[in-house]
Each structure stands twice: as C-alpha cells, then as structure tokens.
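Residues in the sequence shown are numbered consecutively from 1, following the UniProt record's numbering. Each residue gets a CB set at the ideal place from its N, CA and C atoms; glycine is no exception. Keep in mind the model is a prediction, meaning the values are calculated, not measured.
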Amino acid sequence: MDITEQIPFETPKNWVWTRLSYIANIYTGNSISETEKKSKFTDVIGRYYIGTKDVDFNNRIIYDNGIAIPKQYEPDFRLAPNNSILMCIEGGSAGRKIAILNQDVCFGNKLCCFSPFVGIGKYMYYYLQSPSFFELFNLNKTGIIGGVSIAKVKEILIPLPPIKEQQRIVAQIEKLFEQLR
1 MDITEQIPFE TPKNWVWTRL SYIANIYTGN SISETEKKSK FTDVIGRYYI GTKDVDFNNR
61 IIYDNGIAIP KQYEPDFRLA PNNSILMCIE GGSAGRKIAI LNQDVCFGNK LCCFSPFVGI
121 GKYMYYYLQS PSFFELFNLN KTGIIGGVSI AKVKEILIPL PPIKEQQRIV AQIEKLFEQL
181 R
C-alpha cells in the first residue's frame with residue numbers, strides 16, 4: 001500500500017517513512033481475572049507480570065508488584081523481552097505511559113509491546129513519546145474509554161533515519177535530559 005498521501009511531514013532525503021509493524025514485533029499481553037490473580041499469581045516465585053498500573057508517567061516500571069507467573073504457567077502468557085518497549089494503549093493513560101524493559105516480563109492486555117528489530121530501540125522509544133507520534137496515536141483512538149487497537153498501532157507511520165543518524169538523535173536527546181537533571 002502506498003503511504004505517500006499519509007506522510008505527515010517532510011524529512012531529509014536519506015530518511016524513509018515506514019509503518020511501525022515493519023520495524024518491530026508489536027503485540028499485546030494477557031489479561032488475568034482477579035480470582036486467578038489472587039489464587040495462582042500473588043506472592044509466588046516466577047517471572048514478573050506487569051500491568052498498566054505498573055508503568056508510571058515518568059517512564060519507570062514497578063517490577064516487584066506482588067504478581068508473578070510461575071514457570072509452569074509461562075507458556076500461557078506473552079513475553080515482552082528485555083530492551084523492548086511497553087506502552088499503555090487503552091484508557092486515560094493510552095499513549096502516555098511508556099517505558100523500556102530491563103528484563104523479560106509477562107504483561108497485561110492493555111499494554112502493547114514494541115520489540116524493535118536490531119539497533120533502533122532507543123530511537124523508537126523516543127519517537128513514541130514525540131508530539132508527532134502522539135497526534136497520530138490520538139487520531140486512531142476509538143471507544144468510550146479511548147483505546148487504539150493493535151492493528152491501528154501497527155499501521156502508524158514513523159520517520160526512520162539511517163542508524164548513525166538515529167544514534168546521534170538519541171545521544172542528543174539523552175544529553176539534553178541529563179542537563180535537565
């Protein structure tokens with residue numbers, strides 16, 4: 001499908017516009033009923049289970065939240081790998097709660113995992129927090145509680161510079177953040 005008509009702004013000649021689904025595996029997690037959560041997954045040893053409430057507005061994740069998935073149940077859950085990105089895609093926090101994982105986790109169905117292909121994770125992470133992305137994301141919100149379907153998330157466009165340029169962009173953003181601290 002030609003995306004020419006959908007491109008929101010011009011980029012340098014050596015950049016390309018592409019869909020998020022072409023540069024990352026993108027998927028949602030699993031829901032757990034309250035009954036199941038209390039009987040099988042509370043205060044047990046296993047892989048951390050991250051819900052929307054565990055991703056805060058300051059890009060941090062609360063891993064040790066009392067909910068874990070024991071090894072025997074892991075095959076029933078989606079895994080978000082270390083260095084992937086979790087973003088809330090439903091409710092008032094949709095598009096606003098986002099963080100990079102520092103370990104493999106299981107995760108909830110209102111979160112979306114972006115597992116970027118090699119070398120573009122930090123660039124994608126920062127782009128997913130940009131006003132440009134947020135505008136495209138909000139245009140795709142539907143329903144009473146305001147969510148974006150995984151199919152729509154995969155179709156959102158991202159401007160993709162060459163890897164070296166991505167690295168320079170990330171370094172500059174991180175330098176500016178450091179100056180703010």
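Residues that residue i bridges to, as DSSP identifies them
i    : result
R78  : DSSP, once it has assigned bridges, lists no residue as partnering R78.
W15  : Beta-bridge pairing links W15 to no other residue.
P159 : W17
V118 : None, per the DSSP bridge assignment.
Member of the options whose CA lies at the smallest distance from the CA of residue i
i    : options              : result
F57  : Y22, G95, E90, I50   : G95
G29  : C112, I173, I45, G66 : C112
F107 : E74, G91, Y125, Q167 : E74
D64  : T42, N82, I173       : T42
S21  : M124, Q172, E178     : M124
E10  : L157, I98, K71       : L157
Cα-Cα separation between residue i and residue j, rounded to whole angstroms
i           : j    : result
residue 264 : G121 : Lying before the first or after the last residue shown, residue 264 is absent from the chain, which here runs from 1 to 181.
S39         : P131 : 42 Å
G77         : I32  : Correcting the residue type first, residue 77 is Phe in the shown sequence and not Gly. Going from the Cα of F77 to the Cα of I32 covers about 10 Å.
R168        : V105 : 29 Å
P116        : E135 : 21 Å
E174        : Q129 : 14 Å
F177        : N102 : 19 Å
F61         : S93  : In the sequence on display, residue 61 carries Ile and not Phe. So the two alpha carbons sit approximately 14 Å from each other.
Expected contact under 8 Å - CB spacing of residue i and residue j to nearest Å
i    : j    : result
Y49  : A80  : That pair is no contact at about 10 Å.
N140 : K152 : 4 Å
E155 : R47  : Contact doesn't hold; Cβ gap of about 30 Å is too wide.
inquiry  = Using a Cβ distance threshold of 8 Å, determine whether the stretch 6-14 contacts the stretch 158-172, with at least three qualifying pairs required.
reply    = yes
Cβ pair count under 8 Å reaching 3, the stretch 81-95 against the stretch 105-122 = yes
task = Answer yes if the stretch 51-66 comes into contact with the stretch 142-151, meaning at least three C-beta pairs across the two stretches below 8 Å, and no otherwise.
result = no
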